[in-house]
Amino acid sequence: MTTHPDPATRETPGGFPAAPAEPLAATVATQPGPVGPTRPVEPVRRPDQARPAPTGDWAHGLDTVSRATDTPGELQPYAELGLRDDEYDRILHILDRRPTQAELAMYSIMWSEHCSYKSSKVHLRQFSEKAPPSDRLLAGIGENAGVVQVSDELAVTFKVESHNHPSFVEPYQGAATGVGGIVRDILAMGARPVAVMDPLRFGAADHPDTARVLPGVVAGVGGYGNCLGLPNIGGEVVFDPCYQGNPLVNALCLGVLRVDRLQKKEATGPGNVVVLMGARTGRDGIGGVSVLASATFDEGSEQRRPSVQVGDPFMEKLLIEACLELYDAELVVGIQDLGGAGLTCALTETAASAGTGMRVWLERVPLREASMEPQEILASESQERMLLVVSPDKLEAVLKTAEKWGVWATAIGEVTAPSPDGQPGRLVVTWRDQLVVDVPPGSLVDDGPVYARPMREPADLILLQADRAETLPRPSNPEALRETVLRMIASPNLADKTWVTEQYDRYVLGNTVLAQPEDSGVIRIDEHTGLGVALSLDGNGRYARLDPYNGTKLALAEAYRNVAVTGAKPIAVTNCLNFGSPEDPGVMWQFAEAVRGLADGCLELGIPVTGGNVSFYNQTGAAAIHPTPVVGVLGVLDDVAERVSMGFVPRQAGEHDQLFLLGETHVELSGSEWAWVTHQHLGGIPPQVDLGRERQLADLLAEAARVGHVSSAHDLSDGGLAQSLIESCLRRGVGAQIAVPEQFADGSMPFVFLFSESAGRVLVSVLRGHEKAFTALCAERGVPWEIIGVTDQAGGALEVRGQFRIGLDELRAAHSATLPRLFGGSERAEPAQPTPAKQADAPVTDEAEPAAEPSAGPGDAGQPAGPDQR
Amino acid sequence: MPRVVVDVMLKPEILDPQGQAVANALPRLGVSDVASVRIGRRIEIEFTGEPDLGRAREIADKLLANPVIEDYTVRLVEADETADAHS
Amino acid sequence: MTARVGVVTFPGSLDDGDAARAVRIAGGEPIRLWHGEADLRGVDAVVLPGGFSYGDYLRCGAIARFAPVMETLVDAARGGLPVLGICNGFQILCEAHLLPGALTRNQHLHFRNRDQVLRVEATGTAWTNTFQPGQEVLIPVKNGEGCYVADAATLDRLEGEGRVVARYVGGNPNGSQRDIAAITNPAGNVVGIMPHPEHAVEALTGPSLDGLGFFTSVLKHLVGAPA
Numbered sequence: 000m001t002t003h004p005d006p007a008t009r010e011t012p013g014g015f016p017a018a019p020a021e022p023l024a025a026t027v028a029t030q031p032g033p034v035g036p037t038r039p040v041e042p043v044r045r046p047d048q049a050r051p052a053p054t055g056d057w058a059h060g061l062d063t064v065s066r067a068t069d070t071p072g073e074l075q076p077y078a079e080l081g082l083r084d085d086e087y088d089r090i091l092h093i094l095d096r097r098p099t100q101a102e103l104a105m106y107s108i109m110w111s112e113h114c115s116y117k118s119s120k121v122h123l124r125q126f127s128e129k130a131p132p133s134d135r136l137l138a139g140i141g142e143n144a145g146v147v148q149v150s151d152e153l154a155v156t157f158k159v160e161s162h163n164h165p166s167f168v169e170p171y172q173g174a175a176t177g178v179g180g181i182v183r184d185i186l187a188m189g190a191r192p193v194a195v196m197d198p199l200r201f202g203a204a205d206h207p208d209t210a211r212v213l214p215g216v217v218a219g220v221g222g223y224g225n226c227l228g229l230p231n232i233g234g235e236v237v238f239d240p241c242y243q244g245n246p247l248v249n250a251l252c253l254g255v256l257r258v259d260r261l262q263k264k265e266a267t268g269p270g271n272v273v274v275l276m277g278a279r280t281g282r283d284g285i286g287g288v289s290v291l292a293s294a295t296f297d298e299g300s301e302q303r304r305p306s307v308q309v310g311d312p313f314m315e316k317l318l319i320e321a322c323l324e325l326y327d328a329e330l331v332v333g334i335q336d337l338g339g340a341g342l343t344c345a346l347t348e349t350a351a352s353a354g355t356g357m358r359v360w361l362e363r364v365p366l367r368e369a370s371m372e373p374q375e376i377l378a379s380e381s382q383e384r385m386l387l388v389v390s391p392d393k394l395e396a397v398l399k400t401a402e403k404w405g406v407w408a409t410a411i412g413e414v415t416a417p418s419p420d421g422q423p424g425r426l427v428v429t430w431r432d433q434l435v436v437d438v439p440p441g442s443l444v445d446d447g448p449v450y451a452r453p454m455r456e457p458a459d460l461i462l463l464q465a466d467r468a469e470t471l472p473r474p475s476n477p478e479a480l481r482e483t484v485l486r487m488i489a490s491p492n493l494a495d496k497t498w499v500t501e502q503y504d505r506y507v508l509g510n511t512v513l514a515q516p517e518d519s520g521v522i523r524i525d526e527h528t529g530l531g532v533a534l535s536l537d538g539n540g541r542y543a544r545l546d547p548y549n550g551t552k553l554a555l556a557e558a559y560r561n562v563a564v565t566g567a568k569p570i571a572v573t574n575c576l577n578f579g580s581p582e583d584p585g586v587m588w589q590f591a592e593a594v595r596g597l598a599d600g601c602l603e604l605g606i607p608v609t610g611g612n613v614s615f616y617n618q619t620g621a622a623a624i625h626p627t628p629v630v631g632v633l634g635v636l637d638d639v640a641e642r643v644s645m646g647f648v649p650r651q652a653g654e655h656d657q658l659f660l661l662g663e664t665h666v667e668l669s670g671s672e673w674a675w676v677t678h679q680h681l682g683g684i685p686p687q688v689d690l691g692r693e694r695q696l697a698d699l700l701a702e703a704a705r706v707g708h709v710s711s712a713h714d715l716s717d718g719g720l721a722q723s724l725i726e727s728c729l730r731r732g733v734g735a736q737i738a739v740p741e742q743f744a745d746g747s748m749p750f751v752f753l754f755s756e757s758a759g760r761v762l763v764s765v766l767r768g769h770e771k772a773f774t775a776l777c778a779e780r781g782v783p784w785e786i787i788g789v790t791d792q793a794g795g796a797l798e799v800r801g802q803f804r805i806g807l808d809e810l811r812a813a814h815s816a817t818l819p820r821l822f823g824g825s826e827r828a829e830p831a832q833p834t835p836a837k838q839a840d841a842p843v844t845d846e847a848e849p850a851a852e853p854s855a856g857p858g859d860a861g862q863p864a865g866p867d868q869r
Numbered sequence: 000m001p002r003v004v005v006d007v008m009l010k011p012e013i014l015d016p017q018g019q020a021v022a023n024a025l026p027r028l029g030v031s032d033v034a035s036v037r038i039g040r041r042i043e044i045e046f047t048g049e050p051d052l053g054r055a056r057e058i059a060d061k062l063l064a065n066p067v068i069e070d071y072t073v074r075l076v077e078a079d080e081t082a083d084a085h086s
Numbered sequence: 000m001t002a003r004v005g006v007v008t009f010p011g012s013l014d015d016g017d018a019a020r021a022v023r024i025a026g027g028e029p030i031r032l033w034h035g036e037a038d039l040r041g042v043d044a045v046v047l048p049g050g051f052s053y054g055d056y057l058r059c060g061a062i063a064r065f066a067p068v069m070e071t072l073v074d075a076a077r078g079g080l081p082v083l084g085i086c087n088g089f090q091i092l093c094e095a096h097l098l099p100g101a102l103t104r105n106q107h108l109h110f111r112n113r114d115q116v117l118r119v120e121a122t123g124t125a126w127t128n129t130f131q132p133g134q135e136v137l138i139p140v141k142n143g144e145g146c147y148v149a150d151a152a153t154l155d156r157l158e159g160e161g162r163v164v165a166r167y168v169g170g171n172p173n174g175s176q177r178d179i180a181a182i183t184n185p186a187g188n189v190v191g192i193m194p195h196p197e198h199a200v201e202a203l204t205g206p207s208l209d210g211l212g213f214f215t216s217v218l219k220h221l222v223g224a225p226a
């Protein structure tokens, strides 16, 4: 799948060139396909096998180009495929005849919202127009994923994508194939995938359908990623009733490549061979792109039950190794993954981006089901496939590599020259010598409709913003504050997410330096130099609902800060924009505001958007989800050994670190977790965001980490200071003593100090003897600071002087019981003793997580028979 | 006492990676005449009273099979027949 | 001379690179072996790494045991070659009948990744001779099918012959019978372990350095072994 559209428009044919110049001579030997000792597969279909009668409504035999020309008046079911009247007219105009069934399927897929970005394109241009200059960007918007150079030899590529609708229909496979899809995007850039992350959003935690969707999605993310051998290093798990009928399953993949291994998708070089590699093609997700991904859920969706794609992570693992071997041997000219729009997208995008044409013998595609129709083969969303462009003299070597890894590889076509008059080439597809597709590839990729849809601020927004949470009753005595602390850390959004994250392998590949619940995942990418990257993904639908422009900036600020606290320097941005229907002017306005906020924010921070994904139609009936822009920020650590963890560090008896709160705390409770948990309130204006200050803060944190002033650093966001303090305490079982600053001493102000969600704040612990140097550095960088207390290992508690003292055991019990209680696995409560930290400087993982006796959880027999996760 | 046996299979159009992996391994055991393998689940249900096929179907539909991707069949077997199935 | 320790890559092996890194950090020379080749390239010991060989389809390890490399390896192991099977490698060793019992789906039915305390009980094996009997170590566990099962007679025999190499302490992560995390064959050269010592060899990336002992043990064993 493509990323945000390339803002640069390519020249596309104005006229209608005649049929292509004699591409029909088969210079490409039909490949037997598979291969070797591991996959000695029989041919799927013999050439002499009778072709079964076509299915569906168009029972007129094969719909060829000549037949289409002869029957101009034949009715076409374009509306059922999601095309509008004017869009269909446009196809007639481009082709100067009616499309064949296969062509109609291709246009309907490529011109769907999902593939064409027809509603978002006009807004997404800002990401390029406002992009700050960057000399690191090797590939940006318009490519499969952005590629950022991080050293002389190495680059990283990363991208996040949505798989929301499929995951509601079939949680396990929807989530699994979401991971698989984004991994192939990264692979297509020439990179070895090295980590995944997954921001997940579900309906109310205690809703019965959440108990169906969440375990399936988590098992799917884990089942695929674990089997692929990719560490899962972070993400989000968020609950809100607005996602009840429309969960958000976003998946990110990070890849690493040598700069000179960067791959292109262009199908250059007429005469080059087009090879389909990977799994065989079946009826997976036929029509999924136009029907499934663009249709809103309604009452009927449970009955419709479209054909779900099933992932085979084992095949994907083999595909990864085979591709990487091909890159190393420099055997491919171009490569493109097959995503939501299958072969259609891969063929048209590779040809269109090179301006060439392509000749494809569709019957050569290895099929899982012999009865598949040409349009089904072109639309199939079967997973674990890549399209390669290979020079003929390298073909043998490519097939050998595929055979070694036991994956199918089949030459299905060849690249053809642009026409002599300078027009781009044409995509010509035959099915058993009959011409079924003859189109200008650019017309599918670049000439799709573009809409400047009507936008209007939602009518209820003024009232919503006027209903401020700052006016709600707040706890104003120590007992009430203590109770609030315990209730908040047990609330689903703030509770410990170990139930989810321990289903993911975070160790595989041996380069995970930090993983969840840390603020960012940190991966070492060079064992010799210690070079590494930090990644965080954040979004807050409530903030964006209240103010999409600033809400998106807040998401950017949080991800940026989460990267900065590890000591990394933020350098690039990706995004997944989850919204309701673009046909709703209110939603469209939210979207436009969010894009404007992100583009402006990136300009202010001086880091470019490198790519991303838009997911519209996230709604149930008329009710849209909260606008949910999820923003990913990537940072670089020159030496991962200098990374800073969020956990307070154990010290010898009598020793402690000083706790500093950086940034300013205001009375900002609107849109906060507290307002929602305590009052089910959503209203007011979200916290102010000042990206200039975020930048100063990030500079300070990087320098402090490099010099070694700080022993821990933790971002403040949902749940405010209280949440950060508790997480930092529980990470390694080190308590803290806190004194409320004078200006927060009275009435409900201690509560504000602990639960305000003001942005631009970080909790750091500073090593003894470094305080003076650290405060001098703060002054130099213009970052406000306040000493709020000390770490206290011996105390074994979090104490806020004059307010409360809560033992770490009690905090841990409250914090960690929620998800197991909601989603089973029915862990026996264990004494909450942290296991001994073996290495004082190895705070990577959940050392403080006691192992528990397992007991049989509820059966998950409803889960599909995917690969067993081991 | 007869039992109800529920056989759950992936729908024919759904990819079965397990079956595929097994089929691909067979030639290594010298078996070359197998065209395809598909793997499913067999579930045996014993009722406290008379076996109830309707009830079993309901269980299969709600719990044992995932109708999005799986089909199931329900049938009655004698107890010893069940044992035979394993031999 | 540096000991040469083979690390086998099956299709779907995932922790093969990590096992090789652990061998290197311990001071050995890792030699990569390919499932499709019967030649063990004269290695002094072999690690079967973790992962999902053949996607773990059918049963974990069931298909891998028929790989060409396994035929040679089974004979060599019976002849005394030190073999360590980690996680999926443990499953393969059981499927190949080099070790008794089997590994089944975790009792709670979830994949589980956590840092786990183990007690090393058998220190006479080729892979555990640098540990003290009863020593507790912290090593990541990550599996979906790590529940060790065997009939009572087998379990009694393993216990009686001191062949339970390590047990889970402070909570059993998968329901394994008698908290068994690792076992060995009667000769002590073949060890299967469910947790992942190769993920506890660097302070930066692991919860401890305790995993290193398994790899230094085999190097020590090889030095002491008759040539």
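Residue numbers (numbering that gives the first Met the number 0), protein chains in the order written: chain A, 0 to 869; chain B, 0 to 86; chain C, 0 to 226. Glycine included, every Cβ here is placed at the ideal spot set by N, Cα and C. Owing to the predicted nature of the structure, the values given are computational and were not obtained by experimental measurement.
Host beta strand (DSSP E) of residue i (start-end)
i        : result
A/Trp360 : Gly356 to Trp360
A/Leu199 : Arg191 to Phe201
A/Glu160 : Leu153 to Ser161
C/Arg111 : Arg111 to Val119
Nearest neighbour of residue i, chosen from the options [CA to CA]
i        : options                              : result
A/Arg731 : A/Asp134, A/Tyr116 and A/Ser644      : A/Ser644
C/Gly170 : C/Thr204, C/Ala101 and C/Gln106      : C/Gln106
A/Val217 : A/Gly180, A/Ala174 and A/Leu251      : A/Ala174
A/Arg363 : A/Gly354, A/Thr99 and A/Leu342       : A/Leu342
A/Lys403 : C/Val6, C/Thr183, C/Val4 and C/Pro10 : C/Pro10
A/Ile522 : C/Gly35, C/Gly205 and C/Leu117       : C/Gly205
Contact list for residue i against chain A, beta-carbon separation under 7 Å
i        : result
C/Phe110 : Gly221, Asn225, Gln502 and Gln868
B/Ile44  : Ordered by position in chain A, no residue passes the 7 Å Cβ test against B/Ile44, which lies about 12 Å from the chain.
C/Arg20  : Gly509
Contact set between residue i and chain B, taken where Cβ atoms lie within less than 8 Å
i       : result
C/Ile62 : Ala20, Val21 and Ala24
Contacts that residue i makes with chain B (C-beta to C-beta distance below 9 Å)
i        : result
A/Gly281 : Glu12, Ile13 and Leu14
C/Phe51  : Those do not exist, as C/Phe51 stays about 11 Å from chain B at its closest Cβ, beyond 9 Å.
8 Å contact criterion, which residue i and residue j should meet: CB distance rounded
i        : j        : result
C/His195 : C/Gly49  : 6 Å
A/Asn143 : A/Asp197 : No, A/Asn143 and A/Asp197 are not in contact; Cβ-Cβ is about 19 Å, not under 8 Å.
Residue i - containing alpha helix (DSSP H), residue span
i        : result
A/Met109 : Gln100 to Met109
Neighbour list for residue i in chain C, Cβ cutoff strictly below 7 Å
i      : result
B/Leu9 : Per Cβ cutoff of 7 Å: no residues; B/Leu9 is ~13 Å from chain C at best.
Where residue i meets chain E, residues with beta-carbon distance less than 7 Å
i       : result
B/Val67 : Here the protein chains are A, B and C, and chain E is not one of them.
Chain C contact residues for residue i, given Cβ-Cβ distances below 9 Å
i       : result
B/Arg40 : Within 9 Å Cβ-Cβ: nothing; B/Arg40 doesn't reach chain C, min ~13 Å.
Original post:
Pairing CB atoms from the segment 199-214 of chain A with CB atoms from the segment 506-513 of chain A, are three or more of them under 8 Å?
Top reply: Contact fails: fewer than three Cβ-Cβ distances are below 8 Å.
Subject >> Three-pair Cβ contact test at 8 Å for the segment 184-193 of chain A versus the segment 805-820 of chain A >> reply: no
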